[in-house]
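Trainee: So that we are looking at the same thing, I have put the structure below in C-alpha cells.
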Amino acid sequence: MEIEFDEMHLRATKLAAIRGEQAIFSDVSFNVCAGEALIVNGENGTGKSTLLRIIAGLLKPSSGEVELNGGYGELSIGEQCHYIGHLDALKSALSVEENIFFYGSFLAGAEASRAGVLDVLRQVRLDHLRALPAGLLSAGQKRRLSIARLSVAPRPLWLLDEPTVSLDLASRVELEVLAQSHLERGGLIVAATHMPISFSQFTLLDMNEFHP
Amino acid sequence: MKLVFWAILCRDVKLAFRQGGGVGLGVAFFLMIIVLLPLGIGPDLALLERIAPGILWVALLLASLLSFDRLFHADFEDGTLDILMNGPIPLELVVLAKALAHWLTTGLVLVIVAPGLGFMLNLPVDVFAPLLITMLVGTPGLSLIGAIGAGLTISVRRGGLLMSILVLPLFVPILIFGISAVSEATIGLSPFGPSFMILCALTLATIVLAPVAAAAAIRASLL
Chain P
417 MEIEFDEMHL RATKLAAIRG EQAIFSDVSF NVCAGEALIV NGENGTGKST LLRIIAGLLK
477 PSSGEVELNG GYGELSIGEQ CHYIGHLDAL KSALSVEENI FFYGSFLAGA EASRAGVLDV
537 LRQVRLDHLR ALPAGLLSAG QKRRLSIARL SVAPRPLWLL DEPTVSLDLA SRVELEVLAQ
597 SHLERGGLIV AATHMPISFS QFTLLDMNEF HP
Chain G
46 MKLVFWAILC RDVKLAFRQG GGVGLGVAFF LMIIVLLPLG IGPDLALLER IAPGILWVAL
106 LLASLLSFDR LFHADFEDGT LDILMNGPIP LELVVLAKAL AHWLTTGLVL VIVAPGLGFM
166 LNLPVDVFAP LLITMLVGTP GLSLIGAIGA GLTISVRRGG LLMSILVLPL FVPILIFGIS
226 AVSEATIGLS PFGPSFMILC ALTLATIVLA PVAAAAAIRA SLL
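Below you can see the structure in the form of C-alpha cells.
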C-alpha cells in the first residue's frame with residue numbers, strides 16, 4: 417500500500433468553538449502542508465479534542481473554517497481523514513480479525529482480503545490474537561487495534577487524539593514509525609497529545625494561548 | 046459502494062446474533078405477550094379468534110420496539126459512529142443498511158414465529174396467509190420508522206422509553222392498514238385490495254424518506 421498522496425494543504429482560519437455556554441477557544445489559525453505534522457498541546461479542557469472533531473467535520477465550529485486544498489475536491493475533509501478518537505470504535509462481540517475486516521471493507525470500499533487483514537494485524541502485533549473477541553483485549557491492545565485502522569485504507573489526513581494513551585514504549589515507537597512513513601508519503605497529521613512524539617517535521621500549536 | 050453497504054449489513058446481523066438482547070429478546074417478548082393475553086381475557090375461543098390478528102400485530106409492534114434503542118446508540122457509545130459518518134457512503138445509506146439489518150434480525154424473525162403463536166390464539170387457518178403477507182410487507186416500514194426515533198434519541202442516555210413514545214404514534218398507519226388488509230381478506234375479498242396497496246405504499250415511502258430523516262436526526266443531535 418505504498419501510495420503517494422497529492423500535494424495537500426490543511427488550513428484553518430479563525431476557528432472558534434463554544435460548548436454549552438462556555439467559549440473553549442477562539443481565533444485559532446494554522447497551516448499544515450503535505451508531509452508535516454501539527455502537534456496540538458494544551459492543558460485539559462483547552463479544546464484539543466474539540467479542535468480535532470471540528471477538523472473531522474464531527475462538530476461545527478461557532479465561527480471560522482477549515483479547508484483541505486488539493487487532493488480530492490469532491491470529498492469532505494472527514495472522508496479524507498482517519499479519526500482516532502478517545503473511543504476505540506471496536507465491537508467487543510466481534511473478533512480482532514472481524515473488527516479490522518469490517519473497517520477494511522468499510523473504509524476502503526473494497527472487500528478486504530484475509531492476507532491484507534493479517535498484514536495489518538501483524539503490524540500492530542495482534543495477529544496471534546486474531547480469533548479473540550475484541551472485548552477481551554487489554555486497554556493498550558485495544559488502542560493498538562484501533563491504530564491498525566490507519567493502515568487498512570490510505571487516507572491523506574490523520575487526526576490522532578491522544579494516540580499514545582495506554583500504549584507501552586515499544587508500541588509508541590511503532591506508532592512513531594508508522595506516522596513517519598505516512599508523512600514521508602506526503603500525508604498530513606494533526607495529533608493532540610501530552611506525550612512528546614518525535615516527528616521529523618512538525619509545528620506546535622499551544623491551545624493554552626487561545627483559551628479565554 | 047455496494048460492498049460498503051454489504052459490510053455494514055453483515056456486521057450488524059452478526060452483532061445482533063452474537064450479543065445478548067438481540068434476536069432472542071424480541072421473540073421472547075412477542076411470545077410473552079401472546080401467552081399472557083389469553084390468560085387475561087379468559088378462555089373464550091370465539092373472542093380470541095376474532096381479536097387474534099389485532100393482538101398479533103400489536104404484539105409485533107411492541108416486540109420490535111425493544112431493539113431500536115441499540116440501533117445507533119451502541120455505535121454512538123463506542124465511537125464507531127464517528128467513523129461511519131465519515132465513510133465512503135453517505136450517512137443516509139448507512140442508516141438504510143442498519144435498518145435493513147434490524148429488519149432481518151427483528152421484523153423478519155418475528156414474522157417467522159408469528160404463525161406458531163397464531164395457533165395459541167386460535168387464529169383461523171385461512172387468515173394465516175394474509176396475516177403473514179401483511180406483516181412481511183409492513184415490518185420493513187417499522188424498522189425504518191424506528192430508525193428515525195433511534196436517531197433522534199441517540200445522545201439521550203437510556204433513551205429507549207422516550208424513543209418508544211416518539212415512534213409508536215408513527216406506527217399507527219402501518220397498523221391500521223395492516224389490520225384492515227387482513228380483515229378484507231377474511232371477509233372474502235381479495236387479500237391484495239386497496240388496504241394492502243396502501244400498506245405497500247407506506248413501506249415504500251419509508252424506504253425513501255426515513256433514511257433521510259434519520260440521518261438528519263443523527264447529524265442534528267451530534268453536530
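Protein chains in written order, with my numbering: chain P, 417 to 628; chain G, 46 to 268. All residues carry an ideal CB built from backbone N, CA and C; glycine is no exception.
Is the distance from the Cβ of D120(G) to the Cβ of L111(G) below 8 Å?
Mentor: The count along the second sequence starts at 1 and reaches residue 120(G) at position 75. The count along the second sequence starts at 1 and reaches residue 111(G) at position 66. No, the pair does not count as a contact, with Cβ atoms beyond the cut-off.
Trainee: Going by alpha carbons, who is nearest to V270(G) out of A260(G), G152(G), L268(G) and L267(G)?
Mentor: In the structure displayed, chain G extends from 46 to 268; residue 270(G) sits before or after that span and is not available.
Trainee: In chain P, what lies closer than 8 Å to G124(G) by C-beta?
Mentor: Locating residue 124(G) in the second sequence gives position 79, where the first residue counts as 1. Residues of chain P passing the Cβ test: G501, H502, L503, D504 and A505.
Trainee: Around the Cβ of M611(P), are there at least 16 other Cβ atoms within 10 angstroms (buried) or fewer (exposed)?
Mentor: Counting from 1 along the first sequence, the entry for residue 611(P) is found at position 195. Classification of M611(P): exposed, given that the 10 Å Cβ count is below 16.
Trainee: Ignore the nearest five residues each way along the sequence and tell me which others in A450(P)'s own chain have a CB closer than 6 Å to its CB.
Mentor: Locating residue 450(P) in the first sequence gives position 34, where the first residue counts as 1. Closer than 6 Å at Cβ, skipping near neighbours: E423, M424 and G602.
Trainee: Judging by CA-CA distance, which residue of L552(P), E513(P), E527(P) and P579(P) is the nearest neighbour of R538(P)?
Mentor: Residue 538(P) sits at position 122 when you count from the first residue of the first sequence. Among L552(P), E513(P), E527(P) and P579(P), the Cα nearest to that of R538(P) belongs to E513(P).
Trainee: Starting from E229(G), trace the alpha helix (DSSP H) both ways and give me its first and last residue.
Mentor: For the purposes of this step, residue 229(G) is taken as residue 184 along the second sequence, with counting starting at 1. Segment G205 to T231, the alpha helix (DSSP H) holding E229(G).
Trainee: State buried or exposed for S465(P), treating a residue as buried only when at least 16 other CB atoms are found within 10 Å of its CB.
Mentor: What you label residue 465(P) is simply residue 49 of the first sequence in a count that begins at 1. S465(P) is buried by the Cβ-count criterion.
Trainee: Closer than 8 Å, CB to CB, is A608(P) near chain G or not?
Mentor: Counting from 1 along the first sequence, the entry for residue 608(P) is found at position 192. Not one chain G Cβ lies under 8 Å of A608(P).
Trainee: Indicate whether the contact test is met: 3 or more Cβ pairs, each with one atom in the segment 94-113 of chain G and one in the segment 199-215 of chain G, closer than 8 Å.
Mentor: Contact between the segment 94-113 of chain G and the segment 199-215 of chain G is present, because at least three Cβ pairs lie under 8 Å.
Trainee: By a C-beta neighbour count over all protein chains shown, 10 Å radius and 16 as the cutoff for buried, is K640(P) buried or exposed?
Mentor: Lying before the first or after the last residue shown, residue 640(P) is absent from chain P, which here runs from 417 to 628.
Trainee: What residue range does the alpha helix (DSSP H) around Y519(P) cover?
Mentor: Here residue 519(P) refers to the residue found at position 103 of the first sequence. Element bounds for Y519(P): V512 to A524.
Trainee: DSSP three-state call for D535(P): helix, strand or coil?
Mentor: Locating residue 535(P) in the first sequence gives position 119, counting from the first residue. DSSP places D535(P) in helix when its eight states are reduced to three.
Trainee: Mapping the DSSP letters down to three states, classify Q64(G) as helix, strand or coil.
Mentor: Translated into the one-based positions of the second sequence, residue 64(G) becomes position 19. In this structure, Q64(G) counts as coil in the three-state DSSP scheme.
Trainee: I53(G) CB to nearest chain P CB: under 8 Å?
Mentor: Along the second sequence, one-based indexing puts residue 53(G) at 8. Answer yes: the Cβ-Cβ gap between I53(G) and chain P drops below 8 Å somewhere.
Trainee: Please state the DSSP three-state secondary structure of T251(G).
Mentor: On the second sequence, position 206 is the one that residue 251(G) refers to. Note: T251(G) maps to helix in three-state DSSP.
Trainee: Would you identify the three-state DSSP class for P628(P), choosing helix, strand or coil?
Mentor: For the purposes of this step, residue 628(P) is identified with residue 212 of the first sequence, where counting begins at 1. Looking at P628(P) - three-state DSSP - the assignment turns out to be coil, as it is neither helix nor strand.
Trainee: To the nearest angstrom, how far is the alpha carbon of F62(G) from that of G71(G)?
Mentor: Along the second sequence, one-based indexing puts residue 62(G) at 17. Along the second sequence, one-based indexing puts residue 71(G) at 26. Cα to Cα, F62(G) sits roughly 12 Å from G71(G).
Trainee: If we ignore side chains and look at the alpha-carbon of each, how far apart do F618(P) and G463(P) end up?
Mentor: Counted from its first residue, the first sequence places residue 618(P) at position 202. Counted from its first residue, the first sequence places residue 463(P) at position 47. Each residue's alpha carbon lies about 20 Å from the other.
Trainee: Should P185(G) be labelled buried (16 or more other beta-carbon atoms within 10 Å of its own) or exposed?
Mentor: Here residue 185(G) is taken as the residue at index 140 of the second sequence, counted from 1. P185(G) should be labelled buried.
Trainee: Restricting to Cα atoms, I'd like to know which of E483(P), M623(P), S562(P) and Q596(P) is closest to H502(P).
Mentor: Your numbering for residue 502(P) matches position 86 in the first sequence. When each option's Cα is compared against that of H502(P), the closest is S562(P).
Trainee: So for T395(P), helix, strand or coil by DSSP?
Mentor: Residue 395(P) cannot be examined here, being either before or after the span of chain P that is shown, 417 to 628.
Trainee: Spell out the partners DSSP gives T429(P) in its beta bridges.
Mentor: Here residue 429(P) refers to the residue found at position 13 of the first sequence. Paired residue(s): E481(P).
Trainee: Going by C-alpha distance, which of P570(P), G556(P) and A608(P) is nearest S587(P)?
Mentor: Working through the first sequence from its first residue, we reach residue 587(P) at position 171. Checking every option, the nearest Cα to that of S587(P) belongs to G556(P).
Trainee: In this structure, how does DSSP classify F237(G) when only helix, strand and coil are distinguished?
Mentor: Walking along the second sequence from the start, residue 237(G) turns up at place 192. In the structure shown, F237(G) sits in coil (DSSP, three-state: anything other than H, G, I, E or B).
Trainee: When Cβ atoms are compared, which residues of the segment 59-75 of chain G fall closer than 8 Å to chain A?
Mentor: In the displayed structure, chain A is absent; the protein chains listed are P and G.
Trainee: Within the continuous alpha helix (DSSP H) that includes D584(P), where are the two ends?
Mentor: Mapped onto the first sequence, residue 584(P) falls at position 168. Neither: D584(P) is in no alpha helix (DSSP H) and is coded neither H nor E.
Trainee: Leaving out five residues before and five after F480(P) in sequence, what residues of the same chain have Cβ atoms less than 6 Å from its Cβ?
Mentor: If you number the first sequence from 1, residue 480(P) lands on position 64. Inspection of the sequence shows that residue 480(P) is occupied by Gly rather than by Phe. T429, K430, L431 and A432, listed in sequence order.
Trainee: Let's see if you can read the secondary structure: which residues bound the beta strand (DSSP E) around V606(P)?
Mentor: For the purposes of this step, residue 606(P) is taken as the residue at position 190 of the first sequence. Taken as a continuous stretch (DSSP letters only), the beta strand (DSSP E) holding V606(P) covers L604 to A608.
Trainee: What is the rounded straight-line gap between the Cα of H147(G) and the Cα of I252(G)?
Mentor: For the purposes of this step, residue 147(G) is taken as residue 102 along the second sequence, with counting starting at 1. For the purposes of this step, residue 252(G) is taken as residue 207 along the second sequence, with counting starting at 1. Their Cα atoms are separated by approximately 13 Å.
Trainee: Nearest-angstrom Cα distance between G551(P) and G69(G)?
Mentor: Indexing the first sequence from 1 puts residue 551(P) at position 135. Indexing the second sequence from 1 puts residue 69(G) at position 24. Their backbone Cα atoms lie some 21 Å apart in a straight line.
Trainee: Please list, in chain order, the residues of the segment 121-151 of chain G that have any C-beta partner in chain P closer than 7 Å.
Mentor: The segment 121-151 of chain G vs chain P, Cβ under 7 Å: D123, G124, T125, D127, I128, M130, N131, G132 and P133.
Trainee: Under 8 Å between C-beta atoms, does A432(P) make it to chain G?
Mentor: Looking up residue 432(P) in the first sequence gives position 16. Output row for A432(P): interface = no.
Trainee: Is V49(G) close to chain P, meaning its C-beta is less than 8 Å from at least one C-beta of that chain?
Mentor: Here the question's residue 49(G) lines up with position 4 in the second sequence. Chain P contact via Cβ: present.
Trainee: Closer than 8 Å, CB to CB, is L267(G) near chain P or not?
Mentor: Residue 267(G) sits at position 222 when you count from the first residue of the second sequence. Yes, L267(G) lies at the interface with chain P (some Cβ there is under 8 Å from its Cβ).
Trainee: With 8 Å as the threshold, decide whether the Cβ of D202(G) is near any Cβ in chain P.
Mentor: Here the question's residue 202(G) lines up with position 157 in the second sequence. Checking the sequence shown, residue 202(G) turns out to be Arg, not Asp. For R202(G), the answer is no, since every Cβ of chain P falls outside 8 Å of its Cβ.
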